[in-house]
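Chemist:
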Amino acid sequence: MPVPALPVITGFALRYGTVALATYAFTRAVRIGRRDQSEEDAHDKVEEGISLRHEPGQINATGRFRRIIRLGKSGPGIEIDASGFGRVKFRKTD
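So the number in my numbering is just where the residue sits in the sequence shown, counting from 1, plus 67.
Right under this line is the structure:
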């Protein structure tokens with residue numbers, strides 16, 4: 068076996084081993100979520116686009132992105148519906 072191939076194989080093994088270890092650690096750290104219908108309904112009520120609100124002591128933001136992407140004029144499509152909420156609160160403490 069030629070010796071010059073060994074560093075190349077070692078490089079690939081280290082790279083893919085690192086990716087596998089990071090993936091394993093990430094999957095162990097992520098909790099299994101639950102589906103709450105009231106949260107689903109809240110996401111469905113968000114209007115498309117971005118909105119910002121300012122109230123005393125806090126700033127709220129909501130956003131929604133809905134698109135249908137088709138492959139060709141009459142081909143199969145996929146609908147993308149992404150929404151999110153955000154809130155930043157400011158409070159004076161002693």
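Note that beta-carbon positions come from the ideal geometry of N, C-alpha and C, so glycine has one too.
When the Cα atoms are used, what is the spatial distance from Ser150 to Arg133?
Modeler: 9 Å
Chemist: So Ala128 and Ile117 are supposed to be a Cβ contact under 8 Å. How far apart are they, rounded?
Modeler: 7 Å
Chemist: So, at 6 Å on beta carbons, what are the nonlocal neighbours of Arg131 in its own chain, with the 5 sequence-adjacent residues on each side left out?
Modeler: Val113, Glu115, Ser150
Chemist: Can you give me the Cβ contacts of Ile147 inside the same chain, cut-off strictly under 8 Å, excluding the 5 residues immediately before and after it?
Modeler: Excluding positions up to five away in sequence, the list reads Phe132, Arg133, Arg134, Ile135, Ile136.
Chemist: Using only the alpha-carbon positions, how far apart do Phe79 and Leu88 sit?
Modeler: Looking at the two C-alpha atoms, the distance is approximately 14 Å.
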